[in-house]
Structures are given as C-alpha cells and as structure tokens.
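Just below is one structure, and these are the notes that go with it.
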Amino acid sequence: MTLTISAPPHIKQDTTFRKITWIKFLTLLPVSLVSVYFFGLYALALILAGIGMAVVTEVVIQKAFKKEVTVANGHAPLIGLMVALLVPGEAPIWIPIVGAFFAVAIGKHAFGDIGSYIFNPVLAAWVFLQLAYWSAMYPVSFPELGGISDLFLENGAGMLVGVSPIALVGGLYLIFKRYVEWKIPLFYALTTLVLALLIGDKIGHVVTGAFIFGVLFLATDSPSSPVTKNGRIIYGILCGLLTVIYGHFANYVFAVFYGIFLANCVASFIDNNTLPRSFGEESFLQRKYRLMMNKIPLEKLGVKIDD
Amino acid sequence: MAEINVMETIPEKMIIPLKQHKGDICEPLVSKGEVVKVGQKIGECPSDKCAAIHSSVCGEVVSVEESSHPSGNRINSVVIQPIEETECEDFTPFKDSGKEQLISAIKEAGIVENYGTPTHLVLNPPDCDIDTVLINATASEWVGHNYETPLEYASQMLDSLRLLMKAAGASRGVIVLRNDDKDSIDAFDGLDYEGKTIMVSPLIGKRRVDYYFNDQNTDIIVVSQDKIYGKNIFEYFTYNVTGRKVPFRCTPASAGVAICGVKSTKAIHDLVNTGMPYIETVVTVSGQVNNPQHLLVKIGTTFRDVIEACGGYSGEPAKLISNGVITGVAQYEEEVPVTKMTTSIIVQGKDEVLKDISKECIHCARCVDVCPVDLIPNRIAALANQGRFDECKQMHVENCIECGRCSSVCPSKIHIMQLLQYSKEAIAKAYEDMFEKESSNLKLGCACGSE
Chain A
1 MTLTISAPPH IKQDTTFRKI TWIKFLTLLP VSLVSVYFFG LYALALILAG IGMAVVTEVV
61 IQKAFKKEVT VANGHAPLIG LMVALLVPGE APIWIPIVGA FFAVAIGKHA FGDIGSYIFN
121 PVLAAWVFLQ LAYWSAMYPV SFPELGGISD LFLENGAGML VGVSPIALVG GLYLIFKRYV
181 EWKIPLFYAL TTLVLALLIG DKIGHVVTGA FIFGVLFLAT DSPSSPVTKN GRIIYGILCG
241 LLTVIYGHFA NYVFAVFYGI FLANCVASFI DNNTLPRSFG EESFLQRKYR LMMNKIPLEK
301 LGVKIDD
Chain B
1 MAEINVMETI PEKMIIPLKQ HKGDICEPLV SKGEVVKVGQ KIGECPSDKC AAIHSSVCGE
61 VVSVEESSHP SGNRINSVVI QPIEETECED FTPFKDSGKE QLISAIKEAG IVENYGTPTH
121 LVLNPPDCDI DTVLINATAS EWVGHNYETP LEYASQMLDS LRLLMKAAGA SRGVIVLRND
181 DKDSIDAFDG LDYEGKTIMV SPLIGKRRVD YYFNDQNTDI IVVSQDKIYG KNIFEYFTYN
241 VTGRKVPFRC TPASAGVAIC GVKSTKAIHD LVNTGMPYIE TVVTVSGQVN NPQHLLVKIG
301 TTFRDVIEAC GGYSGEPAKL ISNGVITGVA QYEEEVPVTK MTTSIIVQGK DEVLKDISKE
361 CIHCARCVDV CPVDLIPNRI AALANQGRFD ECKQMHVENC IECGRCSSVC PSKIHIMQLL
421 QYSKEAIAKA YEDMFEKESS NLKLGCACGS E
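Order-wise, the sequence lines are chains A and B. Numbered by the UniProt record's numbering, the letters in the first sequence go through residues 1 to 307 in order. Numbered by the UniProt record's numbering, the letters in the second sequence go through residues 1 to 451 in order.
Laid out in structure tokens, this is it:
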C-alpha cells in the first residue's frame, strides 16, 4: 500500500482558472449566436478570425519564448471572442485579427501574462483599434432601448455585442457561482444608473448590450481590478462615474469601454490605499465617530448606553 | 447525534511516544522486558514544560526506541506488547484540594490540550495571572466526548469549569459554544446551576463577555459564536470573546486568558472524580472506511488497529490524514500511534488525492472574501514568496489563524497557507534575534508565556 504525502489542505474546491474561463466563454456564446443571426454569417467569420488569431498568437509567443503553451486554459480564445464582439458588424475581416493579435501579444504577454497585466487586454485592443482605424471601428448606429423587444433583439445594434442585452445575462450565473466577483458589477451598475438619472440622460441610451457586457465581463476581469473589499466598491463607483462623464457628452457605448479602461489605470492605486486593518483596530471612520460621540454627554441627557 | 463506541479489541502492539505535547521530551522510566500496568507512569518530566506519559495498557515493554509519530517526525517511544488481563494502578479520586495540588495533579496526570500545550501551563503560566478561563466548545460537540446525555454534558462542563477556575486562580469562567450547535445550546439553556439560571448569550457586535458578566451579574456565563477553526486561532478567539488583544508571538496568557478544550476539560473532570490519568481519547474516523464512527481508543493504539476496529478500508487507501482535512498531517505509514493530540483520522481514496500544480495568481479575490481575519492572502503570499517579510508584517500576517480557507478556494492552487506560515516563522525568527541586541528599556516581549 502506498500512501501519498502532501501539504494541507487535503480537500480543495474544484474551481480552477481553466474552468472559470471556459464557463465565461460558454456564457458569451448566446450573444454570439444572436449576432450571427442578426449580421449574417459574416459575423461568424469575424468571431472565428478573432479567436483563431488569438490562439495562434499565444502559441507562437509561448513557443518563441520556450514557455509552456497554455491555450488549453481558454484565456486566449476568450480574449479573441471578446475582441471580435466589440467590433462593428460591417468591419473588415482584418480588424478582429489585428485586434486579437494586439490583445494577446501586447495587452497580455508584453505585460507578463495572466495575472500581471494592468489593462484588460480586450479593452487595450479596442482602444488601439479605435484610435488607429477610427473609420472602420465606428458603428453605423448606436442602440437605444425603446421597449421590451429591444432587450431581446436590438435593431439599432452597431457592434456584435449590442445585438441582444438579454443574451448576456449568463454573466449573472457567473456571479451566482462566484466565478466572478459581485461587488464591482453591483456598484458599477448602480452608480451609472443613479448618476444618469440625476443628470437627466435617457436610461434607454445607458442600458445597452455594451453596458451589460462591460458590467458583467469587462469590469470584473480579475487581474485588472482591485482585490480589497472596499477597493472593489470604490472601483465599481469609479467605473460608473467615468462612464457617465464620457457618456453624457458623447455616447454610452464608447463610454463603457473608456470608463473601465481608465479605471484600470488606478486599480492598483485603489488597492494600495484600501488595505484592511488588523482586526480589533478602528478604521478611520470608526475613530472619528467615536471621538464625535465621546463629546456628546449622552449620560447627562438621560440616554442609557449598552456596553 | 452520534454514539461513542469503545474499542474493545486488544492490539498486538502499542506505541506510546514520549512526547505528545509541545515542549520537552519525557525521560523513559521503564526499560525492555519490564511489565507495566494500566495507568503506570512510564515517562517522567525533566522540566516544567512537559506533561507526564502513562501506559494505557497492561503488558510487557518490548523496546524503547525511535518510532514514527503523527507529526511526521520520529520520536523516542515505548513499545508495549499488551496482555489479556488488565491490572490497574490504584486510582484515587481527590476532592477539596487547593490550587497547587490541582496544578501538580494535572501535570502528573499528563493532561494536554488538543493543540499541544500541557494544560497545567495553560492554567498556571509562569509569571502570569489568569483572570478568565475560556472553554472552547466550538469545535467539538458534546457527543464527541463520552457523555451520556446532553444534561450530563452541560452540568459536568460547568463543574469542570469551576475546577479550572480554581486551578487557574481565575475569577471568571466562560463556556463558548457554536451558534449552529443546537444540541449543546439546548443542553445549557435554562439550566439551573448554583442557584442561577444559565442563559446562552450570543456574541454580537460589541457585546463581548464583559457585557454579559455585568448584565447577568455572575462569574460563569455561557456564550455562543460562529465556528472558528485553524491551527493558530487563539489571538483571534481571545479577541472575539473577550475583546483583548494578544501581542504577536505571545500566548493568550499574557492577556490574562486561559483557553481549554472540551477533551482536556473532560480529562480533568475524570481525574478529580476517579483519579484516572489521561490514557484514552475519542477519535473520529471517517472517509474510506467501512464503519465511520467516533471511537474511544487507548493512547498508543496504531492507526492500523483503529481502522481495523472500524471495519477496515473500503477500497484502496491513498492518503491517511490525522487531525482534519484542512490542517491535518498526511501520514507516511499506518504504524503511527494515536496520541493525546489526535482528534480524527481520515482516509482518502485514490481519486480524492489532489494533484494540482500552482499557477499564477489571477487576483480573483476569492481568498480575500473567505479570510476570517481580513487579510489580503494573495498579496501576502506573493510577498512571502519573494522574501519580503517586513512588508508581510505590515500587512498583519501575524493575525493569520492558519485555517487554510484561502488555499482551499484558490483557483490557481497556490499554497497560500504555507507561504503565510513561512513568513510568520521568518518574522518570529527575526524577533528572536532582536531580543538580545535591543536595549533593556525597549519592551518587545510578552508579559509572559511566549510560544
């Protein structure tokens, strides 16, 4: 009989990075199918071009640098798919190819592979394409949510991702299973909606496929968002703020991508400034509250205090 | 509600290690060929940081040699071949004794907490005053400890708490139960003890024991809280229950608190009422065995005999773990004895054995969300991996209770718990060096009872 020796813990959750990425990939398939229905088979060509180029780039880079080839963990195909989804339905076929190459080669590997990149590779690629090939990347129309039917099939969609907001709710399953984090999407969505209401923007312009995609899939990309509990809340609020600032003066589709991209810049800064205290130590607000309450002579006022 | 079965079969060989606690190893009092009786002292303490060892069976000493120990090391042990007849030492119960007699009796009876510290050191630490005794009943239910009814459990625990308070010279005693442990809470709630009705009070927010002591105007209270588990929970446990902070590398004694487990409490109760030393313990056997159960076994029984008493393996065993799947130690062989620190034996089959390879951290923050003491485990692990221990210290790595939750949820399968332990040890070593060099007016150490 042979006994295995290993360090504890001896049971672990079966969640792996590979599982998370492939499930994300699967939850994006419905919207891809709807976009194929909407834009025709050309959309399928765009998606396959994006995925194919991302995989090829990853294999070439990892072979060239003599690293282990990690295509099987699904991250490169996921990036390729996401880049293709952010492209207008009429874009030339080389747009997702260049985008996927930029995302994997520059956005991911130049910054040091999974876990080290500071910008979401998909957004980095989108911003690059937007700046370099402006005319090819500008969608024919921007969606506006008119009625319930627009939630299922958005006729004004310019990008592949905008065709059907409801097809993206698979992202909620990711949150439910804790494959992505819940604080960022919640506070991002809340901040955007509340601010947009306050300054009087039409909610129909805000809630688009791009926005839901940004909230559930782009903002929650783990390496480019903070890890501390408070930091994630601040990050979500910041994403929402930046989105509304851009969206109010331009359009809410681009606003989502630029907002998250800019918030990525300060993610580590937020992290470093929201490190939790040791248990039993007062936080800044608690201390202020206690000092303030100490000055009020509650006992003289006849209030009975516990503790 | 599980039953406790008593292991009836007499094994062929008993291995009794001469060190079943944290501290100094005992000196053997017997040699090859001698016949020992049940309860006979076979290991004598060379110093105070030690607990005596007793024979748990009647038989002939085969050898005194280095043998395997569940901690993974090889420890000098007394190997005994048991015989059928059982001849006992005369156990004399003692009552109405003072603090000193009680402490020395606990030391002589070799009672050890399940985390390894001898109980007499917990209750009577050198140069330290204990004012509060806590019984941590959050980890083990009453059924695990050979009590017949919940009522018996509750009243015996309260009696034992009185004894512990007397031994420690403490004025206050607390029994801490677990919130979801309904059996125990029902057993204590509404019980009349010394003319007062016991009420189980939950620890919520800022309401810690001080509040309930004032509120109920008594010196013994029963409280409940969420389960805390881990290898090193005392700083956090002490803070949670009493609101006192324990300095880094110190025992709770420096905050005036003694923490006892249910097992040692029961052992002290037996010692006072029957005079029996600590020679048997309850072990939970689970996993790939035919009859998983709670089993009362004699200390020194090998894991093989315990598993045979549970009906043997169901399938090919691949991993044998002592003391829990989260923090336990995987064993090299079956020929390891049950010691005073063993609480459970778990057998894993071939397909349960993990074969993960650590990957890069993806900053998913799952470890941050599960950490019970608000650390950022992924960042501390990365810093520890690079040897930046001073930065680990700034991030309060010393608060880690080593519960292993972070390692268990990690999707990249990083050994976060080990990296945190590594940095804690490195920081503790740095402090050891500092003691001699620092000037005397700078106080760095504990009031008493450093680890």
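Think of the CB as a built atom: it goes at the ideal place given N, C-alpha and C, for glycine as much as any other residue. On a predicted model such as this, the values are computed, not experimentally measured, just so you know.
For residue j and residue i, believed in contact at Cβ under 8 Å, the rounded distance
i        : j        : result
B:Gly110 : B:Ala52  : 4 Å
A:Ile233 : A:Lys183 : 5 Å
B:Val122 : B:Ile321 : With 8 Å as the limit, B:Val122 and B:Ile321 do not qualify as a contact, their Cβ atoms being about 26 Å apart.
B:Glu84  : B:Ile10  : 7 Å
B:Thr138 : B:Gln20  : That pair is no contact at about 23 Å.
A:Ala196 : A:Val244 : 6 Å
B:Gly33  : B:Ser55  : Not really, about 14 Å apart at Cβ, beyond 8 Å.
B:Val289 : B:Ser314 : 6 Å
A:Gly50  : A:Val83  : 5 Å
A:Pro226 : A:Ile270 : 5 Å
Straight-line Cα distance separating residue j from residue i
i                      : j        : result
B:Leu18                : B:Glu12  : 19 Å
A:Gly209               : A:Leu81  : 15 Å
A:Ile5                 : B:Glu335 : 15 Å
B:Glu432               : B:Lys298 : 39 Å
B:Val112               : B:Pro202 : 29 Å
B:Gly59                : B:Gly98  : 35 Å
B:Leu419               : B:Lys41  : 41 Å
B:Glu44                : B:Gly243 : 38 Å
B:Phe94                : B:Ser184 : 29 Å
B:Lys319               : B:Ser344 : 14 Å
B:Val36                : B:Pro28  : 12 Å
B:Glu160               : B:Pro252 : Here the sequence assigns Ser to residue 160 of chain B, which means Glu is not the residue at that position. Those two C-alpha atoms are separated by around 20 Å.
A:Asn294               : A:Pro276 : 25 Å
A:Pro8                 : B:Gln421 : 12 Å
B:Val30                : B:Ala365 : 56 Å
B:Ser155               : B:Val133 : 17 Å
residue 310 of chain A : B:Gly287 : The requested residue 310 of chain A is not part of the displayed model; chain A covers only 1 to 307.
A:Ser135               : A:Pro88  : 11 Å
A:Ala91                : A:Leu44  : 12 Å
B:Ala167               : B:Asn114 : 19 Å
B:Met276               : B:Pro337 : 21 Å
B:Asp369               : A:Pro223 : 16 Å
A:Leu145               : A:Asp201 : 13 Å
B:Gly169               : B:Ala382 : 45 Å
Listed by chain order, chain A residues near residue i by CB distance under 8 Å
i        : result
B:Gln418 : Ala7
B:His294 : In chain order: nothing, as chain A lies at least about 20 Å away.
B:Glu333 : Leu3
Contacts that residue i makes with chain A (C-beta to C-beta distance below 9 Å)
i        : result
B:Lys393 : Simply none; closest approach about 11 Å.
B:Gly33  : The contacting residues do not exist; B:Gly33 stays about 33 Å from chain A at best.
Best match in the options for proximity to residue i [C-alpha to C-alpha]
i        : options                                : result
B:Pro70  : B:Phe389, B:Ser184, B:Lys227, B:Gly300 : B:Gly300
B:Arg388 : B:Thr238, B:Ala426, B:Asn179, B:Asp374 : B:Ala426
A:Ala157 : A:Pro9, A:Val207, A:Tyr289, A:Phe128   : A:Val207
B:Leu158 : B:His269, B:Gly33, B:Asn217, B:Ser56   : B:His269
A:Pro143 : A:Pro30, A:Leu291, A:Leu41, A:Tyr252   : A:Tyr252
B:Val61  : B:Ile15, B:Ser264, B:Cys250            : B:Ile15
A:Leu153 : A:Val163, A:Val98, A:Phe102, A:His205  : A:Val163
B:Asp186 : B:Cys403, B:Thr149, B:Ala309           : B:Thr149
Residue i beta carbon near the ligand HEM (any heavy atom closer than 7 Å)
i       : result
B:Pro93 : Inclusion of the ligand HEM in the displayed structure is not the case, the ligand content being empty and no account of it being possible.
Residue j beta carbon less than 8 Å from that of residue i
i        : j        : result
B:Val222 : B:Val200 : yes
B:Ile346 : B:Pro372 : no
A:Ile212 : A:Pro165 : yes
B:Leu295 : B:Val282 : yes
A:Gly231 : A:Tyr188 : no
A:Lys12  : B:Ser408 : yes
B:Asn136 : B:Phe237 : yes
A:Leu85  : A:Val31  : yes
B:Glu391 : B:Lys424 : no
A:Ile260 : A:Ala219 : yes
Neighbouring residues, chain A, relative to residue i (Cβ below 7 Å)
i        : result
B:Asn399 : Ser278, Phe279
B:Ile345 : Under the 7 Å cutoff, chain A gives no residues; its nearest Cβ is about 12 Å from B:Ile345.
B:Lys340 : Neighbours of B:Lys340 on chain A: none; closest Cβ ~20 Å, over 7 Å.
Interface partners of residue i on chain B, CB under 7 Å
i        : result
A:Leu275 : Ile376, Met395
A:Gly74  : None at all; the shortest Cβ gap to chain B is about 12 Å.
Neighbour list for residue i in chain B, Cβ cutoff strictly below 8 Å
i       : result
A:Lys12 : Leu354, Asp356, Ser407, Ser408, Val409, Cys410, Lys413
Within chain B, partners of residue i - CB distance below 9 Å
i        : result
A:Gly115 : Lys359, Glu360, Cys361, Ile362, His363, Ser412
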